[in-house]
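Reading the sequence shown from the start, the letters are residues 1 to 876 in UniProt numbering.
Virtual Cβ for every residue (Gly too), placed ideally from N, Cα, C.
Quick caveat, the model's predicted, so the values are computed rather than measured.
Worksheet: the structure to be examined is printed underneath.
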Amino acid sequence: MKAIRRFTVRTVLPESIAPLGRLARNLRWSWHEPTERLFTELNPHAWESVHGDPVKLLGSLTREEIQQIAQDPQLVARVRELDADLQTYLTEPHWYQRTQGPDAPAAIAYFSAEYGITSALPQYSGGLGILAGDHLKTASDMGVPVVGVGLLYQAGYFKQSLSRDGWQQETYPVLDPDELPLTLLREADGTPARVSLPLPDGRSLRAQIWRADVGRVPLLLLDSNIPDNDDAARNITDRLYGGGSDHRLQQELLLGMGGVRALRIHSRLTGAPAPEVYHCNEGHAGFLGIERIQELMDPAGDAAPMTWGEALAEVRAGTVFTTHTPVPAGIDRFERAQVEHFFAAGLTPAVAVGNVLDLGAETYPGGDPGKFNMAVMGLRLAQRANGVAKLHGAVSRSMFQGLWQGFDVEEVPITSITNGVHVPSWIDPTVWQLAVEPQENDLDPAARWRKIYEVPDAELWATRRMLRERLVLDVRERLRASWKKRGATDAELGWTESVLDPDVLTIGFARRVPTYKRLTLMLRDPERLKRILLDPQRPVQLVVAGKSHPADEMGKRMIQDLVRFTDDPEVRHRIVFLPNYDIAMARVLFPGCDVWLNNPLRPLEACGTSGMKAAINGGLNLSVLDGWWDEMYDGQNGWAIPTADGKASTDERDDVEAAALYELIESHVAPRFYGDGSEGAAPAARADIPAAPQDAVPHQWLAMVRHTLATLGPRVSSRRMLTDYVQQLYVPACVSSRRATADDGAVARAGAQWIDRVRDAWPGVRVEHVDAQGVHQEPQIGDELGISAYVDLGPLQPEDVTVQVGFGRVSESDHIHERSYAELQPVEDLGQGRVRFSGPITIDRSGPFGYTVRVLPHHEDLAGPAELALVRNAAD
């Protein structure tokens, strides 16, 4: 019988355990092990059946069970103790309050299309969302005043299962927000707070605002599934990365523009300070800058309206943009006419549509004039931008160099901050107790990880085996459930009880499955892989998981190819594919794997934080030198898979790199894991950890594990990442923003006028002539040259520009390498806008040497010399 109406009945808790509701609705429980353990122990069977969701757990308890809990004095005391701990956590000063001065922002808005915080709130698809979730959780732990903004998807991302022949199948279970750890933001009269955007044809897109409390950090999620919308508008927030191009554009308009409006409502209703810095995590939320410009051009109250240029200058000063993609194909691009259609409906009445379109225009060699590029808009709307690893920063500078023509690639103003992972979320509690020293003072995080050097090898080895065994048991359960969904009967599945072995070297591979991540590289030589898996002395087992985007047929084919290999009775006890990879699976998978495999096409991995999560659990990485591994591999924390020459064909490259992978496993990884049998027995060092039945403790392997934990632990931590964001981007952006907004935007207004003046004059700026004094017939190191540049500035003044001489070693093509720069000073006004600039340089190296001169705009409010993308080189 089907219900004709559905509603959610709230659980009413007795006063003695009423704090359980607060503990359940603040997502800190997802990384605070004592709170999670409390919910687990309330009803272990129910906890498992609700998949670790405390809100659903409380809703599943009967009146009798609730009364029983309320009458248990020990449970009541634990509830009150944990509630008091949460209140202290929410109010006491943390790192930010103890270390940051008056220049630090009072609030930072963080926009992202997805957030991976807990499997109980499935609003993520992969690494971008997990990173965003870790960003918020770390901000909470460190006291950084972040407020998150995103969308609430009715079905989240899809759930993955397999057909009988191994083809990925997707389902989209609809989520009930009332059953999620969310609170609806309401006006003073109790009605839901809402934002509204005009759409073409007189329609509107409205959304209500849900709030998730991520520790100290509020996360605002916009939900268009409300009765006020027509059916099309209700479905805008139906699925993460779902629908066609129009659908996706409307999601991003709601996220960016609606998100800013949601922030304003949240501040009005709660008294929270308005953000001083806006962080756009990837291009999906780029329209947030357009909304802020609209606010400044058509302000509320007594503020004087700004021009487009003035508003753009003020918005840019306080905006940070992070790009996560290393390939142009990964960027959202819309038809220019499509964007124009939506903005012509009145989204920004004070802003000319042409100005909006210019922000996303691909005005560089190879660009498509018919496209609107979200990443390009994000870069143009932000004074500060970064990639997510050192290598990715270099790749990004190369990819976007066309926006800064005339500058060398290393001068493109995109820096890098390497991603990190939220350690309390991803480290197993056993490893935490073993390897990490709790400390009151968090100013020296590296010191915490040195505790691992005090742990005896026997205890560390026994712990690693215990975690591996737990993974094996979890894999067997998941594999059996997967096969039953594929149509197998219980009678056919007896073999699953002996899948994997807790004493065998275990390699993990789990991530999204786009083609560049090469899920099936391990299958390049199936017979050799079989020999590795089935080696009688040094066997290897593989646990593989990952989802392919529903529209990615090639990714799905890769999954099917791998599944068919794992179905082979000869090897199915040594290699498994687990469908529906999510946070819950990952929390068992990372600690249980000895080695984490990553073999993308270099340099297409932006960062790749899965290997970081393995590292903080004592796993060693076996990876191509890409993403974070390129900068943190040191020869003692894992292995680097050699990459083929870039001139190799696709097949040649895959052959070479697969062969290198097999060789590393056979000749280096497995021998070190199994040792040589002479290193001594491995008794348990603690009563709660069973002794490992393996004959020997591999001391060299454990030395690598210990080194990994001690050295990588603090480096891959998101505390290091967020410290970098605060010091390198948030505080400087706040300083710029406050200066730009002071006195009704006086600095922004003056700066915009200066920019307009410089841009108008720049086509006439040129270096007429350069000469040098002091050049000997046989110059030597230490010789000083006097350089003079004769520059036509037109209507500009010398203080509007910087004139530099760049010098260094030159190549056969006269390109200057290992450059140094010296600034030339104005020494003579030659009249009619012509000025002579002079200064010395010193020859500081032998070999071919050369110099050149260039002119750059100069203003105290520019974040860097390339910001305006204006340069006049002597050779121009």
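So Asn281 is in the beta strand (DSSP E); what residue range does that whole segment cover? As a working note, residue 281 is residue 281 in the sequence shown. From DSSP, the beta strand (DSSP E) with Asn281 extends over Val277 to Asn281.
Query raised in the report: If you run the structure through DSSP and keep just helix, strand and coil, what is Ser838?
Result: Stepping through the sequence shown from its first residue, residue 838 is reached at position 838. Here Ser838 sits in strand by DSSP.
Practice prompt. Counting only runs of 4+ residues fully inside the stretch 577-622, write out the alpha helix (DSSP H) ranges in chain order.
Written response: 583-592 and 610-615
| task | Compute the Euclidean distance between the alpha carbons of Ala772 and Ala446, then round it to the nearest angstrom. | result | Your numbering for residue 772 matches position 772 in the sequence shown. Your numbering for residue 446 matches position 446 in the sequence shown. The alpha-carbon atoms of Ala772 and Ala446 are separated by roughly 51 Å.
Three-way DSSP call (helix, strand, coil) for Ala352 in this model:
Counted from its first residue, the sequence shown places residue 352 at position 352. Reduced to three states, the DSSP call for Ala352 is coil.
With distances taken Cα to Cα, identify the nearest neighbour of Ile117 among Gly101, His135 and Asn598.
What you label residue 117 is simply residue 117 of the sequence shown in a count that begins at 1. Closest by alpha carbon: His135.
- Per DSSP, what kind of secondary structure is Val395 in: helix, strand or coil? The residue given as residue 395 occupies position 395 in the sequence shown. In this structure, Val395 counts as helix in the three-state DSSP scheme.
Counting only runs that start and end within the UniProt domain "DUF3417" (13-121), where is the alpha helix (DSSP H) found for 4 or more residues in a row?
-> 19-25, 33-42, 44-49, 54-60, 63-70, 73-91 and 95-99
Using 7 Å as the threshold, is the C-beta distance between Ile841 and Ile781 below it? Here residue 841 refers to the residue found at position 841 when the sequence shown is read from its first residue. Here residue 781 refers to the residue found at position 781 when the sequence shown is read from its first residue. Cβ atoms of Ile841 and Ile781: not closer than 7 Å.
Next on the checklist: Just to confirm, is the Cβ distance from Glu276 to Cys734 under 7 Å?
Outcome noted: On the sequence shown, residue 276 is found 276 positions in, with the first residue counted as 1. On the sequence shown, residue 734 is found 734 positions in, with the first residue counted as 1. Taking 7 Å as the Cβ cut-off, Glu276 and Cys734 qualify as a contacting pair.
Checklist line | Beta-carbon gap between Ala866 and Pro413 smaller than 7 Å | finding: The residue given as residue 866 occupies position 866 in the sequence shown. The residue given as residue 413 occupies position 413 in the sequence shown. Yes, the pair counts as a contact, with Cβ atoms nearer than the cut-off.
### Message
According to DSSP, simplified to helix, strand and coil, what is Leu131?
### Response
Position 131 of the sequence shown, counted from the first residue, corresponds to residue 131. Correct three-state label for Leu131: helix.
query = If we ignore side chains and look at the alpha-carbon of each, how far apart do Pro732 and Pro569 end up?
reply = Start at 1 with the first residue of the sequence shown, and residue 732 comes out as number 732. Start at 1 with the first residue of the sequence shown, and residue 569 comes out as number 569. Going from the Cα of Pro732 to the Cα of Pro569 covers about 59 Å.
**OP:** From the DSSP output, read off the bridge partner residues of residue 877.
**Re:** An answer regarding residue 877 cannot be provided, because it is not within the stretch 1 to 876 covered by the chain.
Can you tell me whether Tyr180 is buried or exposed? The criterion is at least 16 other CB atoms within 10 Å of its CB, across all chains shown.
For the purposes of this step, residue 180 is identified with residue 180 of the sequence shown, where counting begins at 1. Note on residue identity: the sequence assigns Leu, not Tyr, to residue 180. Leu180 comes out buried.
So what's Gly847 in DSSP terms, helix, strand or just coil?
Taking the first residue of the sequence shown as position 1, residue 847 is located at position 847. DSSP places Gly847 in coil when its eight states are reduced to three.
_Closest to Leu185 by C-alpha separation, out of Lys159, Phe158, Leu221 and Lys647, would be which residue?_
As a working note, residue 185 is residue 185 in the sequence shown. Residue Leu221 is the option with its Cα nearest to Leu185.
Exercise. Are Pro550 and Glu170 close, meaning C-beta to C-beta below 7 Å?
Worked result: Within the sequence shown, the letter at position 550 stands for residue 550. Within the sequence shown, the letter at position 170 stands for residue 170. Yes, Cβ-Cβ distance for Pro550 and Glu170 is below 7 Å.
Item checked: Nearest-angstrom Cα separation, counted from Thr323 out to Leu868 -> On the sequence shown, residue 868 is found 868 positions in, with the first residue counted as 1. On the sequence shown, residue 323 is found 323 positions in, with the first residue counted as 1. Roughly 19 Å between the two C-alpha positions.
Open item on the list: Is the separation between the beta-carbon of Ser425 and that of Trp701 shorter than 7 Å?
Closed with: Position 425 of the sequence shown, counted from the first residue, corresponds to residue 425. Position 701 of the sequence shown, counted from the first residue, corresponds to residue 701. Result no, Cβ atoms of Ser425 and Trp701 do not sit closer than 7 Å.
**Request:** In the DSSP assignment, find the alpha helix (DSSP H) that holds His247 and state where it starts and stops.
**Result:** Stepping through the sequence shown from its first residue, residue 247 is reached at position 247. Unbroken alpha helix (DSSP H) run through His247: Ser245 to Leu253.
Inter-residue spacing [alpha-carbon to alpha-carbon] between Leu824 and Val853
The residue you call residue 824 lines up with position 824 of the sequence shown. The residue you call residue 853 lines up with position 853 of the sequence shown. Roughly 9 Å between the two C-alpha positions.
In chain order, which alpha helix (DSSP H) runs of at least 4 residues are fully inside the stretch 471-558?
-> 526-533
(Q) Among the candidates Phe342, Thr237, Pro102 and Glu81, whose CA atom is the shortest distance from the CA of Arg203? (A) Here residue 203 refers to the residue found at position 203 when the sequence shown is read from its first residue. For the residues Phe342, Thr237, Pro102 and Glu81, the minimum Cα distance to Arg203 belongs to Phe342.
inquiry  = Taking the straight line between their C-alpha atoms, what separation do you get for Phe565 and Asn617?
reply    = Looking up residue 565 in the sequence shown gives position 565. Looking up residue 617 in the sequence shown gives position 617. The straight-line gap from Cα to Cα measures roughly 29 Å.
Q | Trp426, DSSP secondary structure in three states | A | For this step, residue 426 is matched to residue 426 along the sequence shown. Here Trp426 sits in helix by DSSP.
Have a look at Leu357, Gly318 and Pro326 and flag the residue whose alpha-carbon is nearest the alpha-carbon of Ala337. Working through the sequence shown from its first residue, we reach residue 337 at position 337. Of Leu357, Gly318 and Pro326, the residue nearest in Cα terms is Leu357.
Practice prompt. For Phe717, name the three-state secondary structure that DSSP assigns.
Written response: On the sequence shown, position 717 is the one that residue 717 refers to. The amino acid occupying residue 717 in the given sequence is Ser; Phe does not appear at that position. In this structure, Ser717 counts as strand in the three-state DSSP scheme.
Once the 5 residues before and after Ala272 are set aside, which same chain residues still bring their CB inside 8 Å of it?
Residue numbering aside, residue 272 sits at position 272 when the sequence shown is read from its first letter. Same-chain partners within the cutoff: Ala107, Val147, Pro218 and His266.
Worksheet item: Just the Cα atoms here: how many angstroms apart are Val149 and Lys647?
Response: To locate residue 149, count along the sequence shown from 1; it is residue 149. To locate residue 647, count along the sequence shown from 1; it is residue 647. Between Val149 and Lys647, the C-alpha separation is close to 43 Å.
Would you tell me roughly how many angstroms separate the C-alpha atoms of Pro698 and Val504, rounded to the nearest one?
Taking the first residue of the sequence shown as position 1, residue 698 is located at position 698. Taking the first residue of the sequence shown as position 1, residue 504 is located at position 504. Straight-line Cα distance between these residues: approximately 13 Å.
**Item:** Same chain, Cβ closer than 8 Å to Ser718, neighbours up to 5 away in sequence not counted
**Value:** In the sequence shown, residue 718 corresponds to position 718, counting from 1. These residues qualify, in order along the chain: Asp134, His135, Lys137, Thr138, Asn419, Gly420, Val421, His422 and Val423.
Is there contact here, the stretch 385-401 with the stretch 600-609, by at least three beta-carbon pairs under 8 Å?
yes
By the 10 Å Cβ neighbour count, where 16 or more other Cβ atoms means buried, how is Arg686 classified, buried or exposed? Locating residue 686 in the sequence shown gives position 686, where the first residue counts as 1. Residue placement at Arg686 is flagged as unreliable, the pLDDT there being 39, under the threshold of 50; a coordinate-derived value is accordingly withheld.
*Host alpha helix (DSSP H) of Tyr674 (start-end)*: Position 674 of the sequence shown, counted from the first residue, corresponds to residue 674. Tyr674 -> alpha helix (DSSP H) spans Ala670 to Tyr674.
Fill in: Asp800 versus Asn621 - alpha carbon distance
Reading the sequence shown from its first residue, position 800 is the one you call residue 800. Reading the sequence shown from its first residue, position 621 is the one you call residue 621. So the two alpha carbons sit approximately 51 Å from each other.
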